Each structure stands twice: as structure tokens, then as C-alpha cells.
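Down below is the structure, laid out as C-alpha cells.
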């Protein structure tokens, strides 16, 4: 049984990785790709960046929210969502979450008077209460940013732009991946339309070194994953040591320091992204089938637990009854040497583990629901590298709770 994972090269088969390599020298040109992307994302108002945090930084620089107020971010989040704002001198207003890790509307409303901008993520593909947040934001003149890293609502029926701006992330484990990339999308009637449009010709191109490193990553993992437990993991380890393999979150970013220069998205990465989008519908059907297979399997072992399947089945989410139950389950898998890596955001509210909370203005215990959710959920992969045979073989590693 091969290694299955949410985070280790989830979107790239061996053929995909070869395409990523070939994209360094051949493929569609910028104009053709941009035309394709406008259709995929239902908008001509798209700015592509090297990372989603670059898009966040550009929004902040353009909108210039009131510096006397804070930026609202739910307390279950990747730390790099906060770093662009911290780097520009803003403080974070951490918002409590509901029982599924999504931003809590009531807590946001209670803190809204001291907020100038809010980021609303769809955690693990679950639809956030975007409309309710936007209604509160209008009353307090708060700029709303929809974070579509885990759910691109353009792919859902009846899509309409609700937020003042939308960011997408095309990172390693996001819903669509070109290893690293982002996009800023804004509504036609945005008061910042001209300013956002002007950024297309202002931001610099990524360095050739950056482009090459990120194009190599899928291939490095594709040749190492088939024999991961027999020494294959040494390949990415060496690639990381010799700085061929890029980090998802840097040491500086864990301390709240912006560490990746803002740049546009490379042509190579756009070619990779275009291929991923071309197969998105068929791979979503695959993901939905995998989610149902996980649900059948997990329901047999966890009869009274909640299993969540988000709209596009980005993950299958198991909500355990306690932190101890989750810890024991993951320990059992590790002890039995199950061929999986299920760690997802490291069981901490502001991930990854090892961040300096003080630098982010967060106090442990500040948002207890977010912290509890972080300690009790487990996500299971539905990506193209996972199939029904893998899931059914996984049953022997499960023990009744």
C-alpha cells in the first residue's frame, strides 16, 4: 500500500509531474492562459501572484485600512494569512470559530467596531457564513476578503461575488495546485478596480530560480513516494537540504515576519495551473467518490461521530469525541506503521506548530472553540493520489473506538 496524504504531493501523479517539468520550456502563452483563467474563474478582474499572501499584501497596500483598527482573522488558520498584515504594522483581531472551525458570526459582530478588514476562509472546503459576515461588515464599513484556498465557489452552482475581494491559493495542498501561487479577484464595481488593475503591470516577475524550484517539486515527490517507507523520503530530504525543494512556511514566517517577496505568477506555474483546472471536474468526481468511501469505512468504526463531506469533497473530516481519542487514533496508526500521513495543520489553531504566538498577538485560551476543534478533527485524503483500494486496505489499521 502506498503512502496516502493530504499534504505530500496530493495533486500530482507521475504524468502531472512530467508535465510540470516540461512546462519550463513548452506550453501555452500568457494571453491564451489568461483567457482560459477568465472563463474558469468567471471574471476578467484577476491578478495572479506568486503566493496568496502576496495577494493579501497587495490588497492591504491598495485599500489601506484604518491603522487604528485591527484585521479580523478566525483563530483556526494558517499563520501566513496574518503575516502580510503584521508586516505592515496592523494588529490581528482573532475571531472565535464554530464547532467546524469556521468563523463565528456572533463573535465577529461583537468585535466588529474595532475592525477595518476581515478574512473569511472556507476551512477544509466547508462553506463559511460569508453572506452573514458581509452583512455585519456593511454596518461597520469593514472590507471583506474571501479566502478561497480550500473552496473556489466559482465551481459551485449559482456563484455570485459577495466579498469586496477574493483571494485564491494554488499552494501544495490547496483545492487547485501549481505548487505555489495565488490570485486576487475583485468585483467589477469595486471602488479599487483601477488600482487593482494597475498592479498587473507594476509587480515584478518571479526569479528563474523560484520558478524552477517550484516546477521541480512534483517530480521530486513523485519519484520518492512509491518507495517512501523504504528510503524514498531521503530524496526530498536531500532536496530540502540543498535548497532545491522550497518550504511551504519559512522560519521567519513562523515569527510573523514576511519572508517571500511579492511577485507575479510565473508562466511555468500558469501552465501547470491550467492543466490542473482542465482536470478539475473529473478529479472532483473522484474526490466525491473517495469521500463517500471514507464515510462508509469510518462510520463502521466511529458509529456516533460526525463525518463531514464538504461541497466539493476537498477532504473527509472526522470529528472525534475528545482530544485524547484523536491522539490515541493517530498513535495507533503510527505504531502499526500505517502508510499514511494524516497530519493536517498540526493540531494547533494557528498553524503550523512552532509559531511564536506572541508575535501574532494571540494568547493560548483566547479562542477555546478553535483550539478544541484543532485538537479533535482528523481529515482524510480524497485527492487523485488516493483510490478506493487504498481506503479499503486502510481498514486493517483501524480499531473500534
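In our numbering, the protein residues as written are 5 to 405. Cβ coordinates follow ideal geometry from the N, Cα and C atoms, glycine included. Computed from a predicted model, the values in this text were never measured in an experiment.
Problem - Three-state class that DSSP yields for residue 383 in the structure shown - result: strand
Exercise for the section: Give me the Cα-Cα distance between residue 337 and residue 39, rounded to the nearest whole angstrom. Expected result: 46 Å
Problem - Sequence-distant residues of the same chain with beta carbon closer than 7 Å to residue 239, five excluded per side - result: 224, 227, 228
Practice task
Pull up the DSSP beta-bridge partners for residue 150, would you.
Solution key: Listed as beta-bridge partners of residue 150 by DSSP are 124, 170.
Handout entry: Selected residue, minimal CA-CA separation from residue 48, among 35, 352, 177
Key = 35
Exercise for the section: Report the rounded CA-to-CA distance for residue 146 versus residue 232, giving the unit in angstroms. Expected result: Using only the alpha carbons, I get a separation of about 47 Å.
Handout entry: Inter-stretch contact (C-beta, 8 Å, three-pair minimum) for the region 345-353 and the region 185-205
Key = They do not touch, by the three-pair rule.
Handout entry: Beta-carbon gap between residue 151 and residue 125 smaller than 8 Å
Key = yes
Exercise for the section: Can you give me the Cβ contacts of residue 132 inside the same chain, cut-off strictly under 7 Å, excluding the 5 residues immediately before and after it? Expected result: 106, 107, 124, 125, 126
Exercise for the section: Would you decide whether residue 389 is buried or exposed? Buried here means 16 or more other CB atoms lie within 10 Å of its CB. Expected result: buried
Handout entry: For residue 342, the three-state DSSP class (helix, strand or coil)
Key = If DSSP states are grouped into helix, strand and coil, residue 342 belongs with coil.
Handout entry: N- and C-terminal bounds of the alpha helix (DSSP H) containing residue 298
Key = 284-305
Exercise for the section: Can you tell me which of 396, 280, 365 puts its alpha carbon nearest to the alpha carbon of residue 14? Expected result: 280
Exercise for the section: Using 10 angstroms around the beta-carbon of residue 219, count the other beta-carbons present and answer buried if the total reaches 16, otherwise exposed. Expected result: buried
Practice task
Tell me, to the nearest whole angstrom, how far the beta carbon of residue 66 is from that of residue 200; I am working on the premise that it is less than 8 Å.
Solution key: 6 Å
Handout entry: Distance between residue 98 and residue 370 (C-alpha atoms, nearest Å)
Key = 8 Å
Practice task
Return yes when the Cβ of residue 54 is within less than 8 Å of the Cβ of residue 184, no when it is not.
Solution key: Against a cut-off of 8 Å, the Cβ pair of residue 54 and residue 184 comes out as a contact.
Exercise for the section: Note down, in chain order, each residue of its chain lying with its Cβ closer than 8 Å to the Cβ of residue 460, except the 5 sequence neighbours on either side. Expected result: Shown here, the chain extends from 5 to 405; a query on residue 460 therefore has no answer.
Practice task
Indicate whether residue 291 and residue 386 have their beta-carbon atoms separated by less than 8 Å.
Solution key: yes
Practice task
Tell whether a beta-carbon distance below 8 Å holds between residue 156 and residue 122.
Solution key: No, Cβ-Cβ distance for residue 156 and residue 122 is not below 8 Å.
Practice task
Please check the pair residue 159 and residue 316, which I expect to be a contact at CB under 8 Å, by giving their CB distance rounded to whole angstroms.
Solution key: 6 Å
Exercise for the section: Specify whether the region 324-334 and the region 295-304 touch according to this definition: at least 3 beta carbon pairs, one from each stretch, less than 8 Å apart. Expected result: no
Problem - Environment of residue 300 [buried if 16+ CB atoms lie within 10 Å] - result: exposed
Problem - Inter-residue Cα distance where the pair is residue 401 and residue 339 - result: 10 Å
Exercise for the section: Take residue 8 and list the residues in its own chain whose beta-carbon comes closer than 6 Å to its own, dropping the five residues that flank it on each side. Expected result: Here the set comprises 344, 385, 390, 394.
Handout entry: Short Cβ contact (8 Å threshold) for residue 96 with residue 86
Key = yes
Practice task
List the endpoints of the continuous alpha helix (DSSP H) containing residue 32.
Solution key: Where residue 32 is concerned, there is no enclosing alpha helix (DSSP H), because DSSP gives it neither an H nor an E.
Problem - Backbone CA spacing between residue 94 and residue 6 [nearest angstrom] - result: 45 Å
Handout entry: Reference residue 210, options 58, 297, 323, closest by Cα
Key = 58
Problem - Limits of the unbroken beta strand (DSSP E) element including residue 412 - result: A query on residue 412 cannot be resolved here, the shown segment of the chain reaching from 5 to 405 and no further.
Handout entry: Neighbourhood of residue 324 by C-beta distance below 6 Å, restricted to the same chain and skipping five residues each side
Key = 330, 380
Problem - Outcome for residue 260 when other beta-carbon atoms lying within 10 angstroms are tallied against a minimum of 16 - result: Result: buried.
Handout entry: Beta-bridge partners of residue 78, as assigned by DSSP
Key = 99
Exercise for the section: Kindly indicate the opening and closing residues of the alpha helix (DSSP H) around residue 395. Expected result: It spans 392-398 - the alpha helix (DSSP H) in which residue 395 sits, taken as one unbroken run.
Problem - Residue range of the unbroken alpha helix (DSSP H) whose run includes residue 223 - result: 212-228
Problem - Spatial distance of residue 309 from residue 357 (CA atoms) - result: 26 Å
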